[in-house]
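Under full-length UniProt numbering, the first residue of the sequence shown carries the number 1, and numbering increases by one thereafter. Glycine residues also receive a C-beta, built at the ideal position from the N, C-alpha and C atoms. What follows is a short report on a single structure.
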Amino acid sequence: MRAHRIYKKRRRRNSLRYFVSGMVLAGAAILVVIGGTVFVSGKRPKDEKGSGISENIGVDSDELLTLVNAEHPMPSEWQCELVQLNNGQNIDSRAYEDLQQMMDTARAEGYDPYICSSWRSHETQVRLFEEEIQSYKKQGYSEREAEVQAAQWVAVPGTSEHELGLALDIVSVENQRLEESQENTPTQQWLMEHCYEYGFILRYPKDKEDITGIGYEPWHYRYVGQDHARAIHESGVCLEEYVAHR
Ligand SMILES: [Zn+2]
């Protein structure tokens, strides 16, 4: 129950953040490549004490299946080529064409998908996490207590697959809140039904929370390529299960 409460608190706060940023960026969501490419490499968290990280399994032999979660941090050797979209978001170039196809098709069929989050730099995640720690310390928490509190609101740097460049948060323009209500929008229902055709999977399904360690997120999509996405879709497993039982 406690974990559940913590999850709900975190989601509400993230929802507000994304809602605000979504409003700022509204109207600029059409996907067009405008920039060059940027190369990034993953880095280990600066401080892993108490973070729950137990193992770095590295880059998967099939890179698109590389697992990043609380137990498996960003591989230190990870590299990808980023493509910048015209709304300022960046994604791994390997996902770009399929993403473009998915968004074009959805819009042609009358839906209104909007990408509100994609690649995040490790530095951004570190900054967000450290800002959160400072806010708790100002309230009188000790360093250790502040870290624990901060981790309830912001992902520990190095444990969010957004740092890979292969994860996207996609919402409906009509409802930009990262809440379970996303699953009721026609846009989200279309994405959940068809994303595998374009190489994406719904990464944190409702019935896999105990395996992924993440609460249901009917807006977070992960690119794994069309063959793997179809296999995952047809077998009904989550990425952790798929990678473990290949
Ligand atoms: Zn996400």
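1) Starting from A244 and walking both ways along the alpha helix (DSSP H), at which residues does that stretch end?
2) In angstroms with no decimal places, state the Cα-to-Cα distance between I201 and R127.
3) State the DSSP-derived secondary structure class of R222, mapped to helix, strand or coil.
4) Take every Cβ of the segment 199-215, pair it with every Cβ of the segment 135-151, and state whether three or more of those distances are shorter than 8 Å.
5) Between which residues of its own chain and K208 is the CB-CB distance below 6 Å, once the five residues before and five after are set aside?
6) For P186, count neighbouring Cβ atoms within 10 angstroms of its own Cβ and tell me buried if that reaches 16, exposed if not.
7) Nearer than 8 Å: is that true of the beta carbon of L168 relative to any heavy atom of ligand 1?
8) Going along the chain, which unbroken runs of the alpha helix (DSSP H) with 4 or more residues stay wholly within the segment 80-138?
9) Between the C-alpha atoms of D92 and G225, what's the straight-line distance to the nearest angstrom?
10) I need the boundaries of the beta strand (DSSP E) containing I201, first residue and last residue.
11) Report yes if the CB atom of S118 is closer than 9 Å to the CB atom of N90, and no otherwise.
12) Pick out whichever of H122, E145, T124, E123 has its Cα sitting closest to the Cα of I133.
13) Just to check my reading of the structure: L178 and R222 have Cβ atoms closer than 8 Å, yes? What is that Cβ distance to the nearest angstrom?
14) Count the other C-beta atoms from every protein chain shown that fall within 10 angstroms of the C-beta of G158, then say buried if there are 16 or more, exposed otherwise.
15) Report the partner residues of D169 according to the DSSP bridge assignment.
16) For S235, count the other beta carbons within 10 Å of its own beta carbon; 16 or more makes it buried, fewer makes it exposed. Which is it?
17) In this structure, how does DSSP classify H233 when only helix, strand and coil are distinguished?
18) Determine the closest residue to V83 out of L64, A95, G199, with distance taken between C-alpha atoms.
19) Might you give, ordered along the chain, the residues of its own chain that have their beta carbon closer than 8 Å to the beta carbon of R120, omitting 5 neighbours on each side?
20) Using a Cβ-Cβ cutoff of less than 6 Å, which residues in the same chain neighbour Q101 once the five nearest sequence positions on both sides are dropped?
21) By alpha-carbon positions, which one of D60, Y114, W78, E241 ends up nearest to Q176?
22) Which residue's Cα is closest to the Cα of E174: Y242, G110, D104, K137?
23) Mind checking which residues open and close the alpha helix (DSSP H) that includes P186?
24) Answer yes or no: do A70 and V171 have a C-beta to C-beta separation smaller than 9 Å?
25) Determine the direct distance from the alpha carbon of E241 to that of K9, and round the result to whole angstroms.
Well, looking at it:
1) On the sequence shown, position 244 is the one that residue 244 refers to. Taken as a continuous stretch (DSSP letters only), the alpha helix (DSSP H) holding A244 covers 239-244.
2) Residue numbering aside, residue 201 sits at position 201 when the sequence shown is read from its first letter. Residue numbering aside, residue 127 sits at position 127 when the sequence shown is read from its first letter. Going from the Cα of I201 to the Cα of R127 covers about 29 Å.
3) The sequence position of residue 222 within the sequence shown is 222, counting from 1. Strand at R222.
4) These segments do not touch.
5) Within the sequence shown, the letter at position 208 stands for residue 208. Closer than 6 Å at the Cβ level, and outside the excluded window around K208, lie C238.
6) Taking the sequence shown and counting its residues from 1, the one referred to as residue 186 is at position 186. Exposed, by the Cβ-count rule.
7) Locating residue 168 in the sequence shown gives position 168, where the first residue counts as 1. For ligand 1, at least one heavy atom lies less than 8 Å from the Cβ of L168.
8) Correct list: 93-108, 122-138.
9) In the sequence shown, counting from the first residue as 1, residue 92 sits at position 92. In the sequence shown, counting from the first residue as 1, residue 225 sits at position 225. Take the alpha-carbon of D92 and the one of G225: they are about 12 Å apart.
10) In the sequence shown, residue 201 corresponds to position 201, counting from 1. 200-202 is the span of the beta strand (DSSP E), which, as asked, contains I201.
11) Sequence index remark: in the sequence shown, residue 118 carries index 118 (1-based). Sequence index remark: in the sequence shown, residue 90 carries index 90 (1-based). Result yes, Cβ atoms of S118 and N90 sit closer than 9 Å.
12) As a position in the sequence shown, residue 133 is number 133, starting the count at 1. Nearest C-alpha to I133: E145.
13) Looking up residue 178 in the sequence shown gives position 178. Looking up residue 222 in the sequence shown gives position 222. Contact flag wrong, Cβ pair sits at about 16 Å.
14) Position 158 of the sequence shown holds residue 158. Flag for G158 reads buried.
15) Working through the sequence shown from its first residue, we reach residue 169 at position 169. Beta bridge pairing from DSSP links D169 with S117, H220.
16) Sequence index remark: in the sequence shown, residue 235 carries index 235 (1-based). With fewer than 16 other Cβ atoms within 10 Å, it is exposed.
17) Here residue 233 is taken as the residue at index 233 of the sequence shown, counted from 1. Per DSSP, reduced to three states, the secondary structure at H233 is helical.
18) Here residue 83 refers to the residue found at position 83 of the sequence shown. The candidate whose alpha carbon is nearest that of V83 is A95.
19) For this step, residue 120 is matched to residue 120 along the sequence shown. Correct list, in chain order: S160, H162, E163.
20) Residue numbering aside, residue 101 sits at position 101 when the sequence shown is read from its first letter. Spatial neighbours of Q101 in its own chain (CB-CB distance under 6 Å, excluding positions within 5 residues in sequence) are listed in chain order as Y198.
21) Working through the sequence shown from its first residue, we reach residue 176 at position 176. That would be Y114, whose Cα lies nearest to the Cα of Q176.
22) Indexing the sequence shown from 1 puts residue 174 at position 174. Per the Cα distances, G110.
23) Taking the sequence shown and counting its residues from 1, the one referred to as residue 186 is at position 186. 186-194 is the span of the alpha helix (DSSP H), which, as asked, contains P186.
24) By 1-based counting over the sequence shown, the position of residue 70 is 70. By 1-based counting over the sequence shown, the position of residue 171 is 171. In terms of Cβ geometry, A70 and V171 do not form a close pair [threshold 9 Å].
25) The count along the sequence shown starts at 1 and reaches residue 9 at position 9. The count along the sequence shown starts at 1 and reaches residue 241 at position 241. Low confidence applies here, because K9 scores a pLDDT of 35, under 50, leaving its location unreliable; read the following figure in that light. Those two C-alpha atoms are separated by around 27 Å.
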